[in-house]
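Data block below; observations after.
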Amino acid sequence: MRDDLTAALLTWYDGHARDLPWRVPPGSGRRPDPYRVWLSEIMLQQTTVAAVRAYFLRFTEIWPTVTDLAAAEDTEVMGAWAGLGYYARARNLLKCARVVASEHGGRFPDTEAGLLTLPGIGPYTAAAIAAIAFDRPAVVVDGNVERVMARLRRIETPLPAAKAPIRAAMAELTPDRRPGDYAQAVMDLGATICTPKSPGCMLCPWRDACAARLAGVAETLPVKAPKKAKPTRRGLLYLARRGDTWLLEQRPDEGLLGGMLAFPTSDWSEAPTPAPPALADWYELGEVRHTFTHFHLILTVLAADRPGPPSRGAFAPLDPSTLPTVFRKAHALMTKRHGTGD
DNA sequence: CAACCGTGGAG
DNA sequence: TCTCCAAGGTT
Numbered sequence: 001m002r003d004d005l006t007a008a009l010l011t012w013y014d015g016h017a018r019d020l021p022w023r024v025p026p027g028s029g030r031r032p033d034p035y036r037v038w039l040s041e042i043m044l045q046q047t048t049v050a051a052v053r054a055y056f057l058r059f060t061e062i063w064p065t066v067t068d069l070a071a072a073e074d075t076e077v078m079g080a081w082a083g084l085g086y087y088a089r090a091r092n093l094l095k096c097a098r099v100v101a102s103e104h105g106g107r108f109p110d111t112e113a114g115l116l117t118l119p120g121i122g123p124y125t126a127a128a129i130a131a132i133a134f135d136r137p138a139v140v141v142d143g144n145v146e147r148v149m150a151r152l153r154r155i156e157t158p159l160p161a162a163k164a165p166i167r168a169a170m171a172e173l174t175p176d177r178r179p180g181d182y183a184q185a186v187m188d189l190g191a192t193i194c195t196p197k198s199p200g201c202m203l204c205p206w207r208d209a210c211a212a213r214l215a216g217v218a219e220t221l222p223v224k225a226p227k228k229a230k231p232t233r234r235g236l237l238y239l240a241r242r243g244d245t246w247l248l249e250q251r252p253d254e255g256l257l258g259g260m261l262a263f264p265t266s267d268w269s270e271a272p273t274p275a276p277p278a279l280a281d282w283y284e285l286g287e288v289r290h291t292f293t294h295f296h297l298i299l300t301v302l303a304a305d306r307p308g309p310p311s312r313g314a315f316a317p318l319d320p321s322t323l324p325t326v327f328r329k330a331h332a333l334m335t336k337r338h339g340t341g342d
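To convert, note that position 4 of the first sequence is 4 in UniProt numbering; the numbers rise steadily by one, no gaps.
If you want it as structure tokens, here you go:
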């Protein structure tokens, strides 16, 4: 029974696997490059395939091996990651590459436990790399697996309490042969058929076994805790230029947008809008709105075309593509006003 | 364990 | 416009 389910899914995967730049075709017997598997898994954490694809191609073009990446400058890597979000991933990516290069001879550990010791690699990613790159029968549980298993076994316990039975359900179905293809098959099923909303149950290779579908409750699973409302924070952003250079600073490694290139800002708080200080040379350019994971942000943008010596940051040429999105929006305000702006 | 940490696309 | 959410990890 278990074997039948697993076999049916692998057969489905052989015909329906998505063609992704970090994959090898299913059942080819070849193993993908662990570096590419690792890089893709880090990028895919809480991030869509559509967003990752271009970043993955660019990273592997610039840094074809983990040794190349380990030798890169921090600012190059952070700039290349800009726009993808969750910037701690990029900082840990570099830490991890350097550990692999210097302490493991440029080769990734080939076990789940070994992978788990590396920066930025948690339980999901360790299992995924072990299964996909090294053919280990690791139990891979991500958001797709949670949804698929919650439905297949009709697990109605709310997350995160449901994690234990979900993991047990996945473990029971994980095969000794083709574990990497199996893990990717469940994820592809979750991404293309067993979707959060309007699942395509009629196309599902597990439709006749799915307890949730048979009970007519597939779309309601998994049950999740309600989300909290996002507060709104406000602050000031200082947009200063001298000719072709812009006033920039690097944000501290800890916290929001850590380690990224940035325009100087005030602190952001939920208090009423701070009165823009009446500074000579500065004028109010406009407003930038942006939403982060857990709060909304409204920044009043103060601009200066040729300000005096800055109290923080330094003037430097700018490639706006190396900025996090909120700062790219501020930069766009200026270029909209002045034409091309750079 | 719950909070923190980005972004853009879909509905 | 607004809510949801996507291959999670760290603290």
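Just so it is clear, CB atoms sit at the ideal spot from N, CA and C, and this is done for glycine as well.
Separation of Ile132 and Pro179 (C-alpha to C-alpha, rounded to the nearest whole angstrom) is 7 Å. Boundaries around Arg58 are those of the alpha helix (DSSP H), Val49 to Ile62, since no beta strand (DSSP E) includes it. Nearest to Arg153 by alpha-carbon distance, out of Val301, Ala212 and Gln45, is Ala212. Across the structure, Ala70 and Lys95 are spaced so that their CA atoms are roughly 8 Å apart. Inclusion of Val141 and Met170 in the CB contact set at 7 Å is warranted, their separation being smaller than that value. Counting of Cβ neighbours within 10 angstroms places Gln184 among the buried residues, the total reaching 16 or more. Straight-line measurement puts the Cα of Ala271 at about 44 Å from the Cα of Ala128. Ranking Pro119, Ala50 and Tyr35 by CA distance to the CA of Phe59 puts Tyr35 first.
Here the region 64-82 makes no contact with the region 45-52; the two share fewer than three CB pairs at distances below 8 Å. For Trp12, no beta strand (DSSP E) encloses it; the enclosing alpha helix (DSSP H) starts and ends at Arg2 to His16.
Three or more pairs of CB atoms, one per stretch, sit closer than 8 Å, so the region 280-296 contacts the region 308-328. When the five nearest sequence neighbours on each side are left out, the beta carbons in the same chain lying within less than 6 Å of the beta carbon of Gly190 are those of Asn144, Arg147 and Val148, in order along the chain.
By the criterion of a C-beta distance shorter than 7 Å, Pro21 is surrounded in its chain by Arg53, Phe56 and Leu57, once the five residues flanking it on both sides are discounted. The three-state reading of DSSP puts Glu270 in coil, since its state is none of H, G, I, E or B.
Using a Cβ distance threshold of 7 Å, Leu239 and Ala332 do not count as a contacting pair. In the DSSP assignment, the residues bridged to Leu248 are Ala314.
Close CB contacts of Ala161 within its chain, under the 6 Å cut and outside five residues either way in sequence, are absent. Selection Thr220, Pro25, Met334 and Phe327 evaluated against Ala303 yields Met334 as nearest (Cα-Cα). In the three-state reduction of the DSSP assignment, Thr293 falls in the coil class, being assigned neither a helical nor a strand state.
According to DSSP, Thr232 shares a beta bridge with His296. DSSP, read as helix, strand or coil, puts Tyr238 in strand. In the three-state reduction of the DSSP assignment, Glu254 falls in the coil class.
When only Cα atoms are considered, Met260 and Arg289 end up about 19 Å apart. The C-alpha of Arg151 lies about 40 Å from the C-alpha of Asp253.
Scanning Phe263, Pro199 and Lys230 for the CA closest to the CA of Trp246 turns up Phe263. With 16 or more other CB atoms across the displayed protein chains lying within 10 angstroms of its CB, Gly120 is buried.
In this structure Met43 is buried. Its beta-carbon is surrounded by 16 or more other beta-carbon atoms within 10 angstroms. Measuring C-alpha to C-alpha distances from Gly29 to each of Asp14, Ala138 and Ser102 identifies Asp14 as the nearest. The Cβ atoms of Ser266 and Gly235 sit closer than 7 Å to each other.
With contacts defined as CB atoms closer than 7 Å, Phe315 and Lys230 fail to qualify as a contacting pair.
Taking C-beta atoms under 8 Å as the contact rule, Glu112 and Ala138 qualify, at a distance of about 5 Å. Taken in chain order, the complete alpha helix (DSSP H) segments of 4 or more residues contained in the region 95-150 are 112-116 and 123-134. Burial of Asp188 is indicated by the presence of at least 16 other C-beta atoms within 10 angstroms of its C-beta. Looking from the CA of Leu318, the closest CA among Leu118, Gly200 and Glu76 belongs to Glu76.
Burial is judged here by how many other beta carbons sit within 10 angstroms of a residue's own beta carbon; Glu41 has at least 16 and is buried.
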